[in-house]
Structure formats: structure tokens, C-alpha cells
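A short write-up of the structure that comes next.
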Amino acid sequence: MQKKIQSALISVFYKDGLDSLAKKLQALNVTIYSTGGTQKFLEDNNITCAPVESLTTYPSILGGRVKTLHPVIFGGILGKRDDAQHVQEMNDYKIPEIDLVIVDLYPFEETVKSTSDEKQIIEKIDIGGPSMIRAAAKNFKDVTVIAAKDDYAVLENILTEQNGETNLEQRKNFAAKAFQVVMNYDIAINNYFNPDIAAVQTSSIKQVLRYGENPHQKATFYGDLKELFTQLNGKELSYNNLVDVDAALQLINEFKAPSSQEFQEATFAIIKHTNVCGIAQRDTVKTAWDAALAGDPESAFGGVLVTNGTIDKATAEAINEIFFEVLIAPAFDEDALQILKSKKNRILLQAHSSQSIVHSQTKSLLNGTLTQDFDNGNFTEWKEVGGRETSQGEKDDLSFANLVCKHLKSNAIALVKHKQLVGKGCGQTSRIDSLRQAIDKAKQFNFNLNKAVLASDAFFPFNDCVQIAHAAGIEAFIQPGGSIRDKDSIDYCVENKLAMVITGLRHFKH
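In the numbering used here, the protein residues as written are 7 to 516.
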């Protein structure tokens, strides 16, 4: 059903690209009503418009808090053109039809990010904007609604191609986008007032992916990846790339960057199917890469690489020798980029220093949605319970191992020596199987486990894991504790002069 646009109400915060659309409306002899700053912007661009006060007969009041909340405005938007009673009442009360509503919302989220001043934040809670958007979207059979600046050009093209008209499908699509804009806006406000029970927000920025986890699955990403990183090279990120990139960023954010005065070591990690298959901390990015790769050079093939240091030429030349999907770093030297860009499909991401912090995680399952806090922290206590105190070197390795283990799928075991992952077991249905897998991995690549340390994501239900690890050369353990049989493992460590640390913080990852 085609509808010719004859009148429009325009009231926006973001005016980028608005002048072109408004000039198109003027060329089509559309009557334009506007408010405050938008009216001035239009008039400065030689676009004729009437103030909304000419309809309401009321000025903007309460410092601009009330401008459009009036029956004439909402009657003009909500009136059904094919309803005789609506038409009669609109005539009786001299309410003009409004065919197009172009309204966006005050920048609430941007304000929350830029200030902690509650007064400023509260003033950016839009009232009239969401009301007009919802009203226009509800009446999409008769009204076109544009709730985001990204659609200014879309509507302009439609009006050009269709001689000032929109069809029902187009209006319904715009309405769907508008409801999503309002939904996300309300969720952002809810999350500000209720940070402990934050709702799930779906970004209005939508990216249709080539396919999902497998080629027969459709997939879409909602969110603005440009907030997190700049893509310097390569093909479009796939579903699986995004999942691994998320795992990589979560992992690397656990470690201090080498730029700080108190900490100079760089960390390099390799991710495969969201699990860490190699990670090390060293004095330089190049040596950190060498040690990370040595941990499991087979699994590194086709992986996602991440570091918190600058990629220099020497590191780029070493990395360039293997096939990988994605490399993430905070900075790249120019000569390093030239080397890495030699493969056109290789994805290079420059991570921004101000990455968004994840406060909660969400998963859809059964007939609902499951939300939980993000697993922050390494340990809540450092309780030495073994047969001896840990040395400083063991403390460093145990803390490192515990963070790595946190990012492996349960049941998880991480074996570390000199801040290098030398063996790992993950995703097994029993902890002892994960341990055997970790020891086998270490042996596969000729690591000597004498003086190595072990981290477990959950408690030891029996002392068998401690015995097997000790037999392989491991002399220090870190685990959350909490088993009714903790004493079995502790007693074994005491009897054999092994170190054991209880953290009080479990790190299951399913």
C-alpha cells in the first residue's frame, strides 16, 4: 500500500546527512514541522519549516523537557487514516496528519561513558523522542518513522525512486528498526539504574556473517566491532573468528601490558576453538611468541594470535612462517605490517586501549535466556596448605597458570614452567583425564616437567591427580579447594614436601 508523504515532523540530535534528506522533502512540497536546534539547522540550510509551537500553541517549557508532548502532535501521528471516527475527531480538533516522523534520541549511553555527573546523565533521558518514535512505529500502516541517522540516505533513495511515496513493507521495516532503537535505549537506562541486574542489549548495528558455526547455519552479529579494534588487513571476520577473538581478548586482558613502568614483560597467546593452546610471558614480544608457539606448535596452525605488546619486524617475520587466521595486537610497526599483509586474507586487528569491559555473559538455552556475571579475578585468597611454602618463582608461575586455566574448557588442567604453558588438558569429562592429556602434551613436545607447577580450575575430588602429577615432576599446585576430601590432596603434599595453594575461587568454563 503506497502512501505519499505530505507532512513531516523532524526533531533530531544527530544532524549528519539530514540536510540532504530535508531538501528532498522540500522539493517534494512536504510540509515540515520542527523543534529548537533542528529548526535552526534546517533554516540555516535554506529549508522551510514551521515550529511545532504553530501546532501546539504552547512554547517549549521546563528547559526543553516538554516540547512535543501534546495531543495535536500525537493525534497527528497516531490517527488511523482509514478509521472514520479517527478522521472525524482529527477534523473536529484541527489535528493535521503527520506522515513522516524523523526523530532520534538524546545520547544517553555516550553521556554515561563520558561523565559520572548524575545530573548530566539524567538530563539525557529522552521522553518525547521515544514516545513519538513508538507512536509512529505503531501506526506504520500510515506513517513512516526514521529513528536513526543511518536511514536518512535510505529514505531519500526511496523517495527519489518512488516519487515521494513509501510502501507498507518499507514502513514496517522502518518501524521494526525504530522499536529496536527504543528497546536498546530503555535497556541502557535500565542498566544504568540497575547495574547488578543489567538487561541484555542488542545493538542496532547489524552485520550478516557469511555463515554460522557451520556452513549450513545462518548467523548475524549485533554490535560495533570498531569500538574494540581496527581491522588493518584480511577478509571479513567469520562466526568462528569472532568467537575465538572474544576468547583471545578476554585472556589477554588478564595480563598487564608491558608499557607500564612497574611491569615490562610482554604476553603472547595462541587460541584454538576458544582454548589456550600456547601462552608465555617474556622480556620481548618476539621471545614471548617463540615460547608460546613452542608450547604446542601443532595446535597453533590456523589459530587466533593475541599479544599485549607491539608487533615488530622480528616478530612479524617469525609469525609469518605459520598459517594463522587472526592476529590481534595494540600496535604494529610499519615494516611488520608490510610483512604480515603479504597474505591478503590474513586478518590483522589493532586492539584499542579502551576496550569495552564485559560485565555479564548471556546464553540462549531451552526456552529462555541465561545471564551471569563475568568471571572476574584470579583468586580470593592465597592459602598455603602444602608441605612447604612456595618460592617466589613458584608464586609467579602458579598465578600465571591459574589465569591460563581459567580460560580453558572444564575440566581443565594447566602445566606451567617459567611463565610458559607447557601442557594443558581441557574439555574432558574427568579431571584425571585432563591431567593425563596435559602430561602427554608436555611429553609430546619434549618438556621437562621437573619443577613445573599445576593449576586446576576446580578442586581435586581425590588425591590421585596430585600423585600422578608428582610422579611426572610437578612440585607445586594451585586449586580452589572446596572438596569434602581436600584433606587427601593436602596430606599427600605435606607428606612429600610439595607446595599447594588454595584460592577459594573456582573457574568452571562450559
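Here a beta-carbon is modelled for each residue, glycine too, at the ideal position from N, C-alpha and C.
What residues match up with residue i in a beta bridge as DSSP calls it?
i, result
"Met7", "Met7 pairs with nothing; no bridge assigned."
"Phe227", "Gln213"
"Ser40", "Ile16 and Pro57"
"Gln356", "Thr236 and Ala335"
"Ala254", "Looking at the DSSP assignment, Ala254 forms no beta bridge with any residue, so it has no partner."
"Met506", "Phe483"
"Gly309", "Phe330"
"Phe274", "Ala286 and Thr313"
"Lys369", "Leu376"
"Val422", "Leu427 and Val459"
"Ile127", "For Ile127, which the question treats as bridged, DSSP gives no partner whatsoever."
As a quick exercise: from the options, pick the residue whose alpha carbon is nearest that of residue i.
i, options, result
"Ala523", "Asp22, Gly510, Asp89 and Pro57", "Nothing in the structure corresponds to residue 523, since the chain is present only between 7 and 516."
"Glu271", "Tyr217, Asp402, Ala464 and Pro102", "Asp402"
"His76", "Ala56, Gln94 and Ile101", "Ile101"
"Ile79", "Met96, Lys278 and Ala477", "Met96"
"Leu376", "Gly383, Asn382 and Thr368", "Thr368"
"Ala342", "Thr316, Lys125, Asp89 and Phe114", "Thr316"
"Gly218", "Ile211, Thr226 and Lys212", "Thr226"
"Ala337", "Leu238, Gly383, Leu371 and Gly374", "Leu238"
"Ile484", "Ala182, Phe466 and Ile38", "Phe466"
"Asn196", "Phe114, Phe261 and Gly134", "Phe114"
"Ile353", "Ser366, Ala335 and Met138", "Ala335"
"Phe380", "Ser366, Tyr20 and Val391", "Ser366"
"Lys415", "Glu390, Asp25, Cys283 and Leu161", "Cys283"
"Gly383", "Gly393, Val410 and Arg216", "Val410"
"Ile285", "Glu129, Gln91 and Val428", "Val428"
"Lys30", "Leu165, Pro136 and Ala464", "Leu165"
"Gln176", "Met189, Ala194, Tyr198 and Ile152", "Ile152"
"Ala138", "Lys73, Lys412, Arg442 and Lys449", "According to the sequence shown, residue 138 is Met rather than Ala. Considering only alpha carbons, the answer is Lys73."
"Gly81", "Asp89, Ile419 and Ile104", "Ile104"
"Glu167", "Phe180, Leu34, Asn281 and Gly134", "Leu34"
"Asp132", "Ala194, Asn173, Lys119 and Phe180", "Ala194"
"Ile345", "Glu327, Ser13 and Thr121", "Glu327"
"Lys241", "Thr172, Gly135 and Arg216", "Arg216"
"Gly134", "Val188, Glu162 and Tyr228", "Val188"
What does the Cβ neighbour count give for residue i, buried or exposed, with the cut at 16 atoms within 10 Å?
i, result
"Val214", "exposed"
"Ile11", "buried"
"Asp4", "The displayed coordinates of the chain run from 7 to 516. Any statement about residue 4 would go beyond what the structure contains."
"Gln126", "exposed"
"Tyr99", "exposed"
"His513", "buried"
"Asp230", "exposed"
"Asp123", "exposed"
"Ser26", "exposed"
"Ser305", "buried"
"Thr150", "buried"
"Ile128", "exposed"
What's the C-alpha gap between residue i and residue j?
i, j, result
"Leu15", "Ser40", "6 Å"
"Lys493", "Arg437", "17 Å"
"Glu395", "Ala505", "6 Å"
"Asn220", "His279", "13 Å"
"Leu234", "Leu511", "29 Å"
"Pro264", "Asn417", "31 Å"
"Gln8", "Asn145", "14 Å"
"Glu59", "Ser66", "8 Å"
"Asn351", "Val332", "9 Å"
"Ser462", "Asn408", "7 Å"
"Gly70", "Gln45", "14 Å"
"Ile277", "Gly399", "26 Å"
"Phe453", "Asn200", "50 Å"
"Asp192", "Gly301", "47 Å"
"Ile445", "Asp439", "10 Å"
"Ala245", "Asn259", "For the sequence presented, residue 245 should be read as Tyr rather than Ala. Spanning the two alpha carbons is a distance of roughly 21 Å."
"Asp50", "Ala142", "27 Å"
"Phe330", "Ser359", "23 Å"
"Ile53", "Gln223", "48 Å"
"Lys389", "Ala184", "54 Å"
"Phe19", "Val36", "21 Å"
"Lys349", "Lys130", "46 Å"
"Ile490", "Ala297", "38 Å"
"Val507", "Ala324", "37 Å"
"Lys503", "Phe261", "31 Å"
"Gln94", "Ala28", "30 Å"
> Taking three-plus beta-carbon pairs below 8 Å as touching, is the region 464-473 in contact with the region 495-505?
Replying inline: With the cut-off at 8 Å, the region 464-473 and the region 495-505 touch.
> Do the region 250-267 and the region 305-316 touch if we need at least three Cβ pairs shorter than 8 Å?
Replying inline: yes
> Just checking, does the region 98-110 make contact with the region 152-172 on the three C-beta pairs under 8 Å criterion?
Replying inline: Touching, yes, given that three or more Cβ pairs across the two stretches are closer than 8 Å.
> Should the region 410-425 be regarded as contacting the region 455-466, the criterion being three or more beta carbon pairs within less than 8 Å?
Replying inline: yes
> Can at least three beta-carbon pairs, one atom from the region 430-442 and one from the region 384-403, be found at a separation below 8 Å?
Replying inline: no
> Should the region 317-328 be regarded as contacting the region 276-293, the criterion being three or more beta carbon pairs within less than 8 Å?
Replying inline: yes
> Between the region 47-64 and the region 85-94, are three or more C-beta pairs nearer than 8 Å?
Replying inline: These segments do not touch.
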